[in-house]
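Following my numbering, the residues of the sequence shown are numbered contiguously, the last one being 298.
Beta carbons are placed, not taken as given, at the ideal position from N, Cα and C, and that holds for glycine.
Everything numeric in this text was worked out from a predicted model, so none of it was measured.
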Amino acid sequence: MLALPFIDSDQEIETVSRMSVPDLFERYGEAEFRALEQRVILRVLEHGPQVLSTGGGAFMNAQTREAIASHGVSVWLKAEIELLMERVSKKQNRPLLKSADPRAVLERLMAERYPVYAAADVIVPTRDDRKEIIAAEVVDALRGHLGVADIDEVRS
């Protein structure tokens, strides 16, 4: 679909720190994690065209949003609470959701973050569907945003 490298910022953070995201949160706290996350994302953005997947809190940092905007196009894969709960319940690496009521935490995070996420260049509603279908919708949305018929035209 997109002939671009895929980079996951959490994986990059784990590589440079030699620690898991939950361990980083536990040992250093959220503020230190966010500072490291920002440094890693800024470094990764310097490496040319790519698909960069960030953690949910990364886009909350204004400097990170500005860097993303200056290096490319931001895409928000917007999901409803039920889908997010289903997805995060399958993962044990979400430090902010380790609580007695993860749904309440997620609802609070959505209330805080969704207005900021709405500043993304492209917003694609997601649902419980095959990732290939959602990816095709993202490519279509990018074509529309960039005003091109072939997304590969952008790189040439």
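*Going by beta carbon distance, what residues of the same chain come within less than 7 Å of residue 293, once the five residues before and after it are set aside?*
A distance below 7 Å between beta-carbons, with the five flanking residues on each side excluded, links residue 293 to the following residues of its chain, in chain order: 144, 281, 284, 285.
*Which of helix, strand or coil DSSP assigns to residue 298*: At residue 298, the pLDDT of 48 sits below 50, so the modelled position is not reliable; the number obtained from the coordinates is stated separately. DSSP, reduced to helix, strand and coil, places residue 298 outside both helices and strands of the structure shown, so it counts as coil.
*Segments assigned alpha helix (DSSP H), at least 4 residues, entirely inside the region 245 to 289*: Contiguous alpha helix (DSSP H) elements confined to the region 245 to 289 occur at 273 to 288, taking only those with 4 or more residues.
*Is residue 292 helix, strand or coil by DSSP?*
Residue 292 falls in the coil class under three-state DSSP.
_With the cut-off set at 8 Å, would you say residue 248 and residue 265 are in Cβ contact?_
No; because the gap between Cβ atoms is not below 8 Å, this pair is not in contact.
*asked:* Quick check: the Cα distance between residue 175 and residue 167, rounded to an integer number of angstroms?
replied: Using only the alpha carbons, I get a separation of about 6 Å.
*Unbroken alpha helix (DSSP H) run spanning residue 133, endpoints*: Any property of residue 133 remains undetermined from this structure, which presents the chain solely from 143 to 298.
*Determine, using beta carbons only, whether residue 239 and residue 230 come nearer to each other than 8 Å.*
In contact: residue 239 and residue 230 (Cβ atoms closer than 8 Å).
_Along the chain, where does the beta strand (DSSP E) containing residue 217 start, and where does it finish?_
Per DSSP, the continuous beta strand (DSSP E) segment holding residue 217 begins and ends at 217 to 220.
*asked:* Measuring only the C-alpha atoms, how far is residue 192 from residue 147?
replied: The straight-line gap from Cα to Cα measures roughly 5 Å.
_By the DSSP assignment, the alpha helix (DSSP H) with residue 152 in it spans what residues?_
Residues 151 to 159.
*Close Cβ partners of residue 210 (< 6 Å) along its chain, the five nearest in sequence each way excluded*: 216, listed in sequence order.
*8 Å Cβ cutoff met for residue 241 and residue 197*: Annotated as distal: residue 241 and residue 197, with beta-carbon spacing of 8 Å or more.
*asked:* Quick test of your reading: residue 183 and residue 200, contact by CB under 8 Å. State the CB separation rounded to the nearest angstrom.
replied: Going by Cβ atoms, the distance from residue 183 to residue 200 rounds to 6 Å, so yes, they are a contact pair.
*Just the Cα atoms here: how many angstroms apart are residue 254 and residue 269?*
In a straight line, the C-alpha of residue 254 is about 21 Å away from that of residue 269.
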